[in-house]
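Student:
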Amino acid sequence: MVELNVNGKVAIVTGGARGLGFYCSKILVKANIKKLIITSRNLKNLERSREELLKLAESSETEILIFENDLSSYKGVEKFYHQVLSLEIKKIDLLILNSGATWGEPLETHPESALHKVFDLNVVGLFHTIQLFTPMLTEAASVSHSRPSRILIISSVAGLVSSFPTQGTYGYNMSKSAIIHLAKNLALELAPQFNINVNVICPGFFPTKMSNGVLEKNGQNIIDNNPRRRLGIEEDLEYLVLYLCCDQSNYLNGVIIPVDGGSYLGNAVTSKM
5 MVELNVNGKV
15 AIVTGGARGL
25 GFYCSKILVK
35 ANIKKLIITS
45 RNLKNLERSR
55 EELLKLAESS
65 ETEILIFEND
75 LSSYKGVEKF
85 YHQVLSLEIK
95 KIDLLILNSG
105 ATWGEPLETH
115 PESALHKVFD
125 LNVVGLFHTI
135 QLFTPMLTEA
145 ASVSHSRPSR
155 ILIISSVAGL
165 VSSFPTQGTY
175 GYNMSKSAII
185 HLAKNLALEL
195 APQFNINVNV
205 ICPGFFPTKM
215 SNGVLEKNGQ
225 NIIDNNPRRR
235 LGIEEDLEYL
245 VLYLCCDQSN
255 YLNGVIIPVD
265 GGSYLGNAVT
275 SKM
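In my numbering, the protein residues as written are 5 to 277.
1) Taking the alpha-carbon positions, what's the Glu92 to Gly172 distance?
2) By how many angstroms is the C-alpha of Ala15 removed from the C-alpha of Val122?
3) In three-state terms, what does DSSP make of Val204?
4) Specify whether the segment 89-109 and the segment 19-35 touch according to this definition: at least 3 beta carbon pairs, one from each stretch, less than 8 Å apart.
5) For Ala15, does the three-state DSSP call read helix, strand or coil?
6) In chain order, what are the residue ranges of uninterrupted beta strand (DSSP E) at least 3 long that sit wholly in the segment 132-197?
7) Under the rule that 16 or more other beta-carbon atoms within 10 Å means buried, what is Lys180, buried or exposed?
8) Between the segment 23-31 and the segment 233-243, can you find at least three pairs of beta-carbon atoms closer than 8 Å?
9) Whole-angstrom Cβ separation of Pro231 and Leu24, contact assumed at under 8 Å?
10) Between the Cα of Arg233 and the Cα atoms of Tyr247, Phe210 and Leu248, which residue gives the shortest distance?
11) On the DSSP letters alone, give me the boundaries of the alpha helix (DSSP H) that Ser117 sits inside.
12) Tell me the DSSP bridge mates of Ser44?
13) Is Arg45 near Glu82, with beta carbons less than 8 Å apart?
14) Between Ser76 and Asn126, what straight-line distance do the alpha-carbon atoms span, to the nearest angstrom?
15) From Leu111 to Gly175, what distance separates their C-alpha atoms?
16) Helix, strand or coil: how does DSSP classify Leu91 here?
17) Starting from the C-beta of Cys4, find all residues in its chain whose C-beta is less than 8 Å away, skip the five residues before and the five after it, and write them out in chain order.
18) With DSSP as the reference, identify every bridge partner of Pro262, one or two as the case may be.
19) With H, G and I counted as helix, E and B as strand and the rest as coil, what does DSSP make of Glu109?
20) Measuring straight from C-alpha to C-alpha, what distance separates Leu269 and Ser90?
21) Do Leu194 and Thr138 have their CB atoms nearer than 8 Å?
22) Does the beta carbon of Asn225 come closer than 8 Å to any beta carbon on chain D?
23) Whose CA, out of Leu130, Asn257 and Arg52, lies closest to the CA of Tyr78?
24) Compute the Euclidean distance between the alpha carbons of Val204 and Glu51, then round it to the nearest angstrom.
25) Does Gly80 pass the burial test, meaning 16 or more other C-beta atoms within 10 Å, or should it be called exposed?
26) DSSP three-state call for Ile226: helix, strand or coil?
27) Report all residues from its chain with a CB closer than 8 Å to the CB of Lys94; omit the five preceding and five following residues, and keep chain order.
28) If we ignore side chains and look at the alpha-carbon of each, how far apart do Ile157 and Leu32 end up?
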């Protein structure tokens, strides 16, 4: 039986202390990651997550490092980059980008500040993180192109389809479309130049803090409109993340994978709310 693992690899997960990012962190630890670096804006969440992850670690050699950071500005991303450099780490095999923010408000009152808040973290911060860490990803990739390093972007089905009502999350929806298109461009650029694969996962509704507001109001409608008649669960995301991070997916580059039970096909995410 073929075993999926990330033995000996070094990974970064942004926004990796809770929600979908924590799912990513957990599966990497369970798959024997050598060194996992997690960043988040909330130190308490980071400390709690690190404690839980250490209990999951199958190997006593698994190292989990946490850094409190706000990646919504170049200054914040640069601070995180230097924190990683201070660990004397020269190579990064996996860069999973999950940090994100949202804001919901009607069109007529939607403030400019909300758009900046969402775009600064979801798009600009993500771009600068890739920009600064690409040299370390390049160092980890094999010269022969047989074993790439990887960038995995966690976007959303909100970046793939339009829906009505919109919940007023205009900046969020735009930002998720933007990073999907960025990933397509980077997949064409980074793979041939630096042997870095770039892929995107687009989750639908999972029971996380970010989606709780929508689920409290419309959770049953969302379930009823889903071809699988349920919300996403942890395992739905975990093993896809693992596959995209391990050697068995070396030839996958530039793929955009929805994980929503097929709702996006019929634009059923919120269409009947």
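Yeah, the Cβ is synthetic: ideal placement off N, Cα and C, and Gly gets one too.
Computed from a predicted structure; not experimentally measured.
Tutor: In this structure, then:
1) 44 Å
2) 25 Å
3) strand
4) These segments touch.
5) strand
6) 153-158
7) buried
8) yes
9) Rounded, the Cβ-Cβ distance is 21 Å, inconsistent with contact.
10) Phe210
11) For Ser117, the enclosing alpha helix (DSSP H) stretches over residues Glu116 to Phe123.
12) Glu72
13) no
14) So the two alpha carbons sit approximately 8 Å from each other.
15) 11 Å
16) Reduced to three states, the DSSP call for Leu91 is coil.
17) Any property of residue 4 remains undetermined from this structure, which presents the chain solely from 5 to 277.
18) Cys206
19) Coil.
20) 46 Å
21) yes
22) Of the chains in the structure shown, none is chain D; there is only one protein chain.
23) Leu130
24) 28 Å
25) Buried is the label assigned to Gly80, since at least 16 other Cβ atoms lie within 10 Å of its Cβ.
26) In the three-state scheme derived from DSSP, where H, G and I count as helix and E and B as strand, Ile226 is classed as helix.
27) Met140 and Glu143
28) 15 Å
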